[in-house]
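In what follows, a single structure is set out as structure tokens and then discussed.
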Amino acid sequence: MEKYFVLCLLLYASAGCFADDLTYLNGFYSKTPQRLSKYSWFGNVRLHHFRVPEDAVLVRWLLTVSRGSGLNCGNQNITVHFRAGAPPVINPIQTAFPNSTSASLAHNLTLIVPSGQSSNVTLFNVTYPKSGDWFLAAHLPKDDGKIEQQGLPSCSYLFQAQMFSRRASDLPILQNNIPLSQTLTASPALFKVFVPEFSSRLDVFLSNCSGNMGNYCGLSITIGSSTLRQGSEVKQNCSGLKICSASVLIPPWNTWLLVTIETNQPNTSVPFYISANVTVGCKPLSVSSDFNAAAFIRTIIAPQSNSSGVFGNSSASAKDQSGLRSNSSEPVCMRSPSVFRDEQDVLSLRYIVSGNNLTVTSDLPTVLTLEHSPGDSGGTLVVQLQLNTSSLVGGFARVKACLTPSAPVLQLNRSQTCATGFAQGYTLNVSSSESNALLRIPFPDAEDWYLSLQTMCNDSVDCRNASATVSASVSVSACIDECGSYGECRLLRTYNYLYGACVCKAGWQGWGCTDGVSALSYTRQMTAALLLTLSNFFFIPPIIVALYRGYLIEAAIYLFTMFFSTFYHACDQPGVTVMCIMDYDTLQFCDFLGSVVSVWVTIVCMARLQEPIKYLLFMMGTLVISMAMQLDRRGLWNLLGPVLFALVIMVSSWVYRGVKRHQCYPPLWRRWVLFLLPGIVSALIGVCVYVFAQTDSNYYYTHSIWHVMVATSVVFLLPPREKHIPPWGWTNKICSYSRCKNEKVELYTVT
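In terms of the numbering used here, the numbers along the sequence shown are unbroken and rise by one, the last being 809.
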């Protein structure tokens, strides 16, 4: 009820925050609560995906954190990251990013759940947000490495994100060079303007502004929307200016931009005129109307098939190879070769440039348009440039490349920074000394990206005819370099949104598993592998004891457990010391199944039941345990359930025998002191180490101790041989080709 009361106050408080002459509509979106995890890799975060509607003027997130029924839970910090356009790039544990990787960390907020409270409700506001995809990622602090068994009481936390949006359905549109008369009251005045493709500048003008203090109208202009990132808005203070303007160089193309006019004079009305001017400075060379099939086949099909065939001999004219033709009626400021978008798999695509190689000149930039869909933002954008050093012409110094979202940089030789109106770009350079350049961007914005290339010259020579040939390779992959040798790339999903992340092993960390500060050495990896595998050979004594005492089925189960536990841990190693004889999932299932069944049959065997009943319990228990393992292999009750049930059977059988014989069972004190008590102590030590002492750092030692303790307890707890069963289960008398038993043989006569 507290959460919905806060929501009602939220809706009421926001009703009068904006101008009354616009029509506002509200929306409310909610996500299912999810359990938070401690952070060790990006798969531990709980990612929430929201869609902010067009013309939104306010977004408020209601963030609710609820504590479970844990014991002795102190103050807990929960970190929530926000980002517009793509999942947030985060680095809570301060690991090093891979080489040639560029990323800016997302905006974050810390929520605190005090020890005396069970929940935390926080409101987070964004005024004039950018429309489109917004992502929230929540997680607990760094994982301390403690391995918690499922089923034990623990401090659990649930996180739920709900979004309230308020949008204007009838925002005034600023037409190009058409003044619009407005009167500003206490509430901001909102407008929107469309920026077409190939725009190089946007100007918003205020004129004829008059307030209570004459020409001092006290207005300010804001162009753009909030993305919680610096530079997403351009602001201009018009106080004391009769004519005021705000300009955006290289605004985002094919986008509606929000224009906000505010005043610092309360309780006053300010009339003014507002207009906008969008400058379309130039356009690219017009492409040919004919589809060049031969060039397409050579560029895409032939490299994949590695065959020349009939297409290898086909040739095209210079006009077809470039795919460009001039248009004298339009000013030309860039070259824009055709780019093919080749989708290969989920979060796997490549951009193929027509003709493969680009001729980059100094007079005009070469711009590649990379169509980027929202579904591609969950991967990594990879750009590679390679300079052909034998193709340099004129006073060549280097080729400068600039990768930007939403709009390209068109004057690389004049621009000192690689940036557009609202976004900071990424710079690459290739020269005769460094002919290769690489750039990787995790979680790129869901915008069309532009790669601009231009030749830079030496200052002492004429730069008009300088050129070079550059090979550009652009692709999107799920992870950086497939996470290398010490990582595994995994596809994660939140509802219908897919994204990739690296899960690292052997102590390696980072976005590409390249941070080796805490990495395990080869010696330590080999030691861990030997400990976990060779410790299973302690099951050899229980197997021998079981065979000697005539428990053949029990011995077979112990052998099964030893075999699959050995090879499961050989396959489960975190480093390069890995050996898998079959599928990992199969080995894991057999290991978990054998471990629990071994405990089950040992305790049932201690009950001293009649053989038909004992074997029936063996079979029924194994089937039920198999079903439980398929449902949840790591659940603690998968082990405790069979153990408790078997103990009930054993205690009931012992009580029945004791009452029937009028003495304690087992009757011999030596059996209690020399076998049962050591076996029970060994089993308890193993369980305590398995449940309470295991961490990621000591797992190799503690789990090996678990193997040793369980195997040792079986040796002590396995009951002695039945009196009528000889050692090893064999008879001392062999008649002809069959073993004779001390039983009466009945002869039947067929009539």
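Even glycine gets a Cβ: it sits at the ideal position worked out from N, Cα and C.
Item, Value
"Rounded Cβ spacing between S265 and C275 (contact assumed at less than 8 Å)", "The Cβ separation is near 10 Å, so there is no contact."
"Classification of E669 by the beta-carbon crowding that lies within 10 angstroms, buried from 16 upward", "exposed"
"For W507: DSSP bridge partner residues", "L428, P463"
"Of the residues I148, L120, S127, the one placed nearest N102, counting alpha carbons only", "I148"
"Boundaries of the beta strand (DSSP E) in which V575 is found, first to last residue", "Element bounds for V575: n/a, residue is neither H nor E."
"Three-pair Cβ contact test at 8 Å for the stretch 120–133 versus the stretch 459–470", "no"
"Local Cβ density within 10 Å of Q752, reported as buried at 16 or more and exposed below that", "buried"
"Where G558 falls, given that 16 or more other Cβ within 10 Å makes a residue buried", "buried"
"Beta-bridge partners of N133, as assigned by DSSP", "For N133, which the question treats as bridged, DSSP gives no partner whatsoever."
"Own chain partners of E112 with C-beta closer than 6 Å, once the 5 adjacent residues on each side are dropped", "S189"
"DSSP three-state assignment for V634, whether helix, strand or coil", "coil"
"Chain B contact for D261 (CB, 7 Å cutoff)", "The chain labelled as chain B is not found in the depicted structure, where only one protein chain is given."
"6 Å CB neighbourhood of T770 in its chain, flanking five on each side removed", "S740"
"Pick from Y606, L407, L726 that is closest to G436, judged by C-alpha positions", "L407"
"Check whether T513 and V418 have beta carbons under 7 Å apart", "yes"
"Local conformation of F289 per DSSP, three classes", "Note that residue 289 is Gly in the sequence shown, not Phe. Coil, per DSSP."
"Where P310 falls, given that 16 or more other Cβ within 10 Å makes a residue buried", "buried"
"Extent of the continuous alpha helix (DSSP H) to which V657 belongs", "642–664"
"Continuous alpha helix (DSSP H) stretch holding I279: start and end", "No alpha helix (DSSP H) contains I279, which is instead part of the beta strand (DSSP E) from 277–282."
"Burial state of L382 (16 or more Cβ within 10 Å)", "Its pLDDT being 42, under 50, L382 is placed unreliably by the model, and the measurement read from it follows with that caveat. Label assigned to L382: buried."
"C-beta contact flag for L286 and F501 at 7 Å", "no"
"contact_flag[the stretch 756–773, the stretch 594–605] where n(CB pairs < 8 Å) is 3 or more", "yes"
"Cα-Cα separation, V655 to S623", "13 Å"
"Integer Cβ distance of I151 from K200, believed to fall under 8 Å", "5 Å"
"Which listed residue (L578, F595, M685) has its alpha carbon closest to that of N756", "L578"
"Residue of L697, L667, M677 minimising C-alpha distance to W712", "L667"
"8 Å contact criterion, which D506 and L428 should meet: CB distance rounded", "7 Å"
"Through-space distance from L694 to S173, alpha-carbon basis", "27 Å"
"Alpha carbon of A244 to alpha carbon of T337, nearest angstrom", "32 Å"
"Buried versus exposed, by CB contacts within 10 Å (16 or more), T478", "buried"
"Reference P237; option with closest CA among A481, F155, P329", "P329"
"Where T81 falls: helix, strand or coil (DSSP)", "coil"
"D630 beta carbon less than 7 Å from that of P820", "Examination of residue 820 is not possible in this model, given that the chain is present from 59 through 809 alone."
"6 Å CB neighbourhood of V171 in its chain, flanking five on each side removed", "V123, R125, Q134, N178"
"Local conformation of W119 per DSSP, three classes", "strand"
"Close Cβ partners of L651 (< 7 Å) along its chain, the five nearest in sequence each way excluded", "I683, S684, M687"
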